[in-house]
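Novice:
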Amino acid sequence: MKEDTPGADPGTRSAVLGAGVLGLTVGLRLLERGEGVTVYEQHPLPGGLAAGFEIEPGLWLEKFYHHLFRSDRHVIRLIQQLGLGGRLEWKRPLTVTLSGGIAHQLDSAGSLLRFRPLPVVDRLRLALGLAALKALPSGRLLEGRGAADWIRGVMGRRAYEVVWGPLLKGKFGDLAEQISLPWFWGRVHDRSAQLGYVRGGFQLFYNALAGRVRELGGDLCFSTSVTGVKAAAGKLSVTSQPAAGGGSASATFDRVISTLPTRLTCRLAPELPAAYRERHDWGLAFGAHCVILELDRPLTGAYWTNVNDSAVPFMVLVEHTNYMPAAAYGGRHLVYLGNYRPMDDPLFIASQEEVLKAFLPALAHVAPGFEASWVRRAWMFKAPFAQPIVTRDYAAHIPGFDTPLPGLFVANMFQVYPHDRGQNYSVELAERLIEHLARTAR
Ligand SMILES: Cc1cc2nc3c(=O)[nH]c(=O)nc-3n(C[C@H](O)[C@H](O)[C@H](O)COP(=O)(O)OP(=O)(O)OC[C@H]3O[C@@H](n4cnc5c(N)ncnc54)[C@H](O)[C@@H]3O)c2cc1C
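Read in order, the letters of the sequence shown correspond to residues 54 to 495 in the working numbering.
(1) Under 8 Å by Cβ, that's how I've got residue 87 and residue 63 pegged, so tell me the actual separation to the nearest angstrom.
(2) Here's a check: name, in chain order, each residue in its chain whose Cβ is nearer than 8 Å to the Cβ of residue 430, leaving out the five neighbours to either side.
(3) For residue 210, does the count of other Cβ atoms within 10 angstroms reach 16, so buried, or fall short, so exposed?
(4) Suppose you measure from the CA of residue 320 to the CA of residue 189; what does that come to, to the nearest Å?
(5) Which two residues bound the contiguous alpha helix (DSSP H) that contains residue 85?
(6) Measuring straight from C-alpha to C-alpha, what distance separates residue 241 and residue 159?
(7) Less than 7 Å between the CB of residue 327 and some heavy atom of ligand 1, yes or no?
(8) Please identify the residue among 361, 382, 328 whose C-alpha is closest to the C-alpha of residue 350.
(9) How big is the Cα-Cα spacing for residue 263 and residue 257?
(10) Assuming contact is defined by CB atoms lying nearer than 8 Å, are residue 233 and residue 443 in contact in what I supplied?
(11) Does the distance between the C-beta of residue 474 and the nearest non-hydrogen atom of ligand 1 fall short of 7 Å?
(12) Given this structure, state the Cα-to-Cα distance separating residue 280 from residue 298, to the nearest angstrom.
(13) On a Cα-Cα basis, can you pick out the residue from 358, 238, 367, 141 that is closest to residue 204?
(14) Roughly how many angstroms separate the alpha carbons of residue 227 and residue 155, rounded to a whole number?
(15) If you run the structure through DSSP and keep just helix, strand and coil, what is residue 54?
(16) By the DSSP assignment, the beta strand (DSSP E) with residue 394 in it spans what residues?
(17) With 16 other CB atoms within 10 Å as the buried threshold, where does residue 105 fall?
(18) Exposed or buried, what is residue 224 when buried is set at 16 or more other beta-carbons lying within 10 Å of its beta-carbon?
(19) Identify every residue that forms a DSSP beta bridge with residue 455.
(20) Flag this pair as touching only if the stretch 383–390 and the stretch 326–345 have three or more C-beta atom pairs under 8 Å; answer yes or no.
Encoded structure:
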């Protein structure tokens, strides 16, 4: 216990809603300050959107493809702090864009200059546009402007039609034209060609993080959904429901920190006033959908294939075992077929069988010669609120950490804008929240 930590009150007990990277980092940092913490998580495992599943006992793979960038210094530091730095591997796997039925490498200045779907002059304009965004220190300078208009104006109409338009449409559907330029700045500015991965899966990091929270005395309540938060005699009462059934339980805390999307926090806390809801229970988010195939052979030569082909029903193909070796997975070749869609899209209610029936024939567009008999096994994962729709007016609706309900704080991945959501930015946000709590402690 660190009684001399500025702003720390060893008597303070916080409930943290969500055991993704954000909630666990908040929990860890509060415990390091000597405070009491209970973390509630609806799922049986830590890790949230970055959590894994076991292909076989002890062999983890993420439900949704994940890697790190060199610029992800907050999460890298945390991985190292937990003693897993030696498991971080950095590689430069191949990224390609499928355009006109041909996969073109597009992951470096050299490959951009050789990118044949665009005339040379457009390749140069695209390169200059990327260089300008890389050089700009802050996306805030671009606030209020739209990505699509800027790309067409600076990089050229063809660069938009061939490269960026299909990516924006794949990720944001009909709202692609409304996406903000600061977000696009983040996508370009924050990314490195080298990608990092925790050998053995990010789940090892999340298990270690949850283990450290427990060692420091934190309570971790897995398979427990929070169903309500309300004021209770100067404190806050949290009602929760275990997945196993049985009655709901209530506990009282000095603080509640919700890492859930603001929309869900608003549903849990009916005392949040109408004006707060009007401003912050706002905007759209898409869900994520991934099919993972286990194949008996490699499929493409690339790790990452952007599928710029409207005849193919997935927007990205990520061949994980062109990044981490198939040998690490018992010789299995593992391929993700990913989509972001509105949360009421029929894809989210389709059975795995129905989805495979639609997706497998389309694979031949991406990997000529593909045969369904190469597939040994498949899994399907879905998650709501996985991609905030960052339209031009998004920034005005991002809530601060404080809410009008005393003791209730919100910190969620919807606040990391203009950066794209990512594990790193959730860790950074958690650390900023801790500083905020220390500064404003009574
Ligand atoms: C397809 C896809 C690919 C991605 N790729 C990358 C990548 O390559 N690199 C990268 O760094 N990031 C990537 N991300 C983003 C990354 O996963 C997220 O930014 C990060 O995991 C967010 O963590 P979080 O803790 O902020 O939120 P979450 O992970 O969403 O955590 C919130 C937690 O709250 C829990 N919860 C919700 N409601 C309740 C309730 N009522 N009671 C209790 N618990 C509740 C949820 O189960 C969840 O565990 C990707 C995301 C997706 C969807």
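Quick reminder that beta carbons are idealized off the backbone N, C-alpha and C, glycines included.
Specialist: Let me spell this out:
(1) 4 Å
(2) 346, 347
(3) exposed
(4) 38 Å
(5) 74–85
(6) 13 Å
(7) no
(8) 382
(9) 10 Å
(10) yes
(11) yes
(12) 13 Å
(13) 238
(14) 25 Å
(15) Below a pLDDT of 50, predicted positions are generally treated as unreliable, and residue 54, at 39, falls in that range; no measurement from the model is reported.
(16) 386–395
(17) buried
(18) buried
(19) 462
(20) yes
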